[in-house]
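Everything below concerns the one structure shown next.
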Amino acid sequence: MYDLIIKNAKLIDNSVTDIAIKHGKIVEIDKNIIATSNRVLDLQNQHYISAGWIDSHTHCFAHSPIYYDEPDLIGVESGVTAVVDAGSVGALDIDEFYDLAMQAKTHVYSFLNISKIGLVRQSELADMQDVDVPLFDQTLAKYPNFIIGIKVRMSRSVVGENGILPLIKAKEMQKKTGLPLMIHVGNNPPELDEIADLLTKGDIITHCFNGKPNQIFDKQNNLRDSIKRAIERGVILDIGHGGESFSFAVAERAKCLDVYPNTISSDIYSKNRLQGPVFSLANVMNKFISLGYSKTRIIDSVTKNAAQILHLNNKGEIAIGYDADLTIFDLKQQTVSLTDSEGEKRECHEQFVPLAAIVKNTTKNVTIIEIKQEGSKNELRISN
Ligand SMILES: [Zn+2]
Numbered sequence: 002m003y004d005l006i007i008k009n010a011k012l013i014d015n016s017v018t019d020i021a022i023k024h025g026k027i028v029e030i031d032k033n034i035i036a037t038s039n040r041v042l043d044l045q046n047q048h049y050i051s052a053g054w055i056d057s058h059t060h061c062f063a064h065s066p067i068y069y070d071e072p073d074l075i076g077v078e079s080g081v082t083a084v085v086d087a088g089s090v091g092a093l094d095i096d097e098f099y100d101l102a103m104q105a106k107t108h109v110y111s112f113l114n115i116s117k118i119g120l121v122r123q124s125e126l127a128d129m130q131d132v133d134v135p136l137f138d139q140t141l142a143k144y145p146n147f148i149i150g151i152k153v154r155m156s157r158s159v160v161g162e163n164g165i166l167p168l169i170k171a172k173e174m175q176k177k178t179g180l181p182l183m184i185h186v187g188n189n190p191p192e193l194d195e196i197a198d199l200l201t202k203g204d205i206i207t208h209c210f211n212g213k214p215n216q217i218f219d220k221q222n223n224l225r226d227s228i229k230r231a232i233e234r235g236v237i238l239d240i241g242h243g244g245e246s247f248s249f250a251v252a253e254r255a256k257c258l259d260v261y262p263n264t265i266s267s268d269i270y271s272k273n274r275l276q277g278p279v280f281s282l283a284n285v286m287n288k289f290i291s292l293g294y295s296k297t298r299i300i301d302s303v304t305k306n307a308a309q310i311l312h313l314n315n316k317g318e319i320a321i322g323y324d325a326d327l328t329i330f331d332l333k334q335q336t337v338s339l340t341d342s343e344g345e346k347r348e349c350h351e352q353f354v355p356l357a358a359i360v361k362n363t364t365k366n367v368t369i370i371e372i373k374q375e376g377s378k379n380e381l382r383i384s385n
């Protein structure tokens, strides 16, 4: 007896399948699963399913003074089954964040800020006294399954007079752990070339398509050699849209040159969720539909690419033995106008609309969270 069978689910390549779940894992994938189950969810060849969406860059520590949000609002209630908080917290407030995160239905992970104070103010790396290596190491050891990476913000307002020094420090701190390092890039100094040359395989440049002067293109609109070399070394490009860090013009130029982000992420928190231009991970994904990306590429960048880059084993794919984290969605045909962080607009004729999130849980094996649709009632049929 299975815990849940999802019938007649459309995959992003438009093939149709049934998926069976037991004890929070995917246990069977077949055209027609006949076994009995406690629950059946029939998607009637109409609704799509993918591995659960993973947002690689969010801010979801509810007690943070500047960038705060609730994990489930940006997570399962938006079709996102796993969220990574990108450096909102440092060693001083990780305990409080962990307690809150464990209450969420969404899987929550932390990229620990190398500054022990986290984001209590914008300039967390202006005083190098706040980079406390022994405390950092102890904190990583305390939360091995929760802290899955390291965050360092490398822009003028953050590092003050310290220039490139925080990144040199972060690379040293990373060496002992093997964890991925996420680097926020923004206004200079430090210069992007100087940052990129220090990065190694698996390091993540977030805000990769920002439209600020220190962007990936030089004044002649050519891809910087430092970025070319970084990509060749296996450095990862992450979107991290946010309030200020995504430009359609940069994304279009990149696409012309066959430069694609490895992961699409939102950099969402309450302000840019409520007032835009982020709103949700789905809304950010839709911007890549307007750019002409294939829907498979978009889905891969929030599922299997994200899981690989974040070292989230058993997530990111619909495969036997993988966690039963799944996102059910529609592709809605309508024309809407979407705005980037520079106030530029593009038309989008088709949108990802999340309908439900399914997440592995520890007690009941799997939880289904249906998402309220404005103006129309959810058509999902779940029978017990
Ligand atoms: Zn951020």
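Going by the numbering used here, the sequence shown opens with residue 2, and the numbers climb by one from there. We treat Cβ as the ideally placed atom computed from N, Cα and C, and that holds for glycine. Since we're looking at a predicted model, the values are computed, not measured.
Closest to residue i by C-alpha separation, out of the options, would be which residue?
i	options	result
LEU182	GLU192, LYS170, LEU193, ASN189	LYS170
GLU192	PHE330, LEU292, ALA105, ASP219	ASP219
GLN309	ASP133, LEU180, GLU351	LEU180
ASN189	VAL160, LEU200, THR82	VAL160
LEU120	LEU141, LEU200, VAL90, GLY235	VAL90
PHE137	LYS26, ASN114, GLN45, LEU282	ASN114
THR336	GLN352, LYS8, LEU258	GLN352
LEU44	ILE7, VAL279, THR37	ILE7
ASP341	VAL251, HIS48, GLY317, VAL134	VAL251
PRO135	LEU199, LYS177, ALA197	LYS177
ILE64	THR37, VAL84, SER38, ASP96	The question names Ile, yet the displayed sequence has His at residue 64. Ranking THR37, VAL84, SER38, ASP96 by Cα distance to HIS64 puts ASP96 first.
GLU195	GLN175, ILE165, ASN211, HIS208	ILE165
ASN39	LYS373, GLY76, ASN366, GLU371	ASN366
State the Cα-Cα distance for the pair residue i and residue j, rounded to the nearest angstrom.
i	j	result
GLU253	LEU238	15 angstroms
ASN263	GLY241	11 angstroms
GLN216	ALA231	14 angstroms
ILE149	CYS61	15 angstroms
VAL17	LYS213	43 angstroms
ALA358	ASP86	19 angstroms
GLU78	VAL354	12 angstroms
PHE249	ASP4	44 angstroms
ASN223	LYS346	23 angstroms
ARG225	LYS172	22 angstroms
TYR144	ALA307	20 angstroms
ILE205	ILE35	44 angstroms
VAL132	THR201	21 angstroms
SER338	ILE300	21 angstroms
ALA10	LEU356	13 angstroms
SER302	ILE265	6 angstroms
GLY187	PRO167	15 angstroms
ASP94	ILE184	20 angstroms
ILE118	ALA92	7 angstroms
LEU282	ASP268	9 angstroms
LEU141	SER116	13 angstroms
ARG234	GLU245	27 angstroms
CYS349	ASN163	42 angstroms
ILE369	ARG122	37 angstroms
LYS26	MET174	35 angstroms
I'd like to confirm something about residue i: is its beta-carbon nearer than 7 angstroms to some heavy atom of ligand 1, or not?
i	result
HIS350	no
ALA87	yes
ASP268	yes
GLY243	yes
HIS60	yes
On the DSSP letters alone, give me the boundaries of the beta strand (DSSP E) that residue i sits inside.
i	result
ARG347	346-361
ARG154	148-155
ASP86	81-87
ALA308	Where ALA308 is concerned, there is no enclosing beta strand (DSSP E), although the alpha helix (DSSP H) it sits in stretches over 305-310.
MET183	182-186
PHE330	327-340
SER16	From DSSP, SER16 is part of no beta strand (DSSP E); its letter is neither H nor E.
GLU371	367-371
Within the continuous alpha helix (DSSP H) that includes residue i, where are the two ends?
i	result
PHE98	95-102
ASP73	72-75
ALA320	That residue, ALA320, is in no alpha helix (DSSP H); it is neither H nor E in DSSP.
LEU141	134-143
PHE249	249-257
LEU42	No alpha helix (DSSP H) contains LEU42, which is instead part of the beta strand (DSSP E) from 38-43.
ALA197	193-197
I'd like to know if residue i contacts chain C, where contact means its C-beta is closer than 8 angstroms to some C-beta of that chain.
i	result
GLU162	Reference to chain C is not applicable here, since this structure consists of a single protein chain.
Checklist entry - Within the chosen definition, does the region 150-160 reach the region 112-131 through at least 3 CB pairs nearer than 8 angstroms? => result yes
Next on the checklist: For the structure I just gave you, are there three or more beta carbon pairs, one from the region 269-276 and one from the region 57-74, closer than 8 angstroms?
Outcome noted: yes
Checklist entry - Below 8 angstroms, can you find three or more Cβ-Cβ pairs linking the region 295-309 to the region 19-39? => result no
Checklist entry - Within the chosen definition, does the region 315-327 reach the region 48-60 through at least 3 CB pairs nearer than 8 angstroms? => result The region 315-327 is in contact with the region 48-60.
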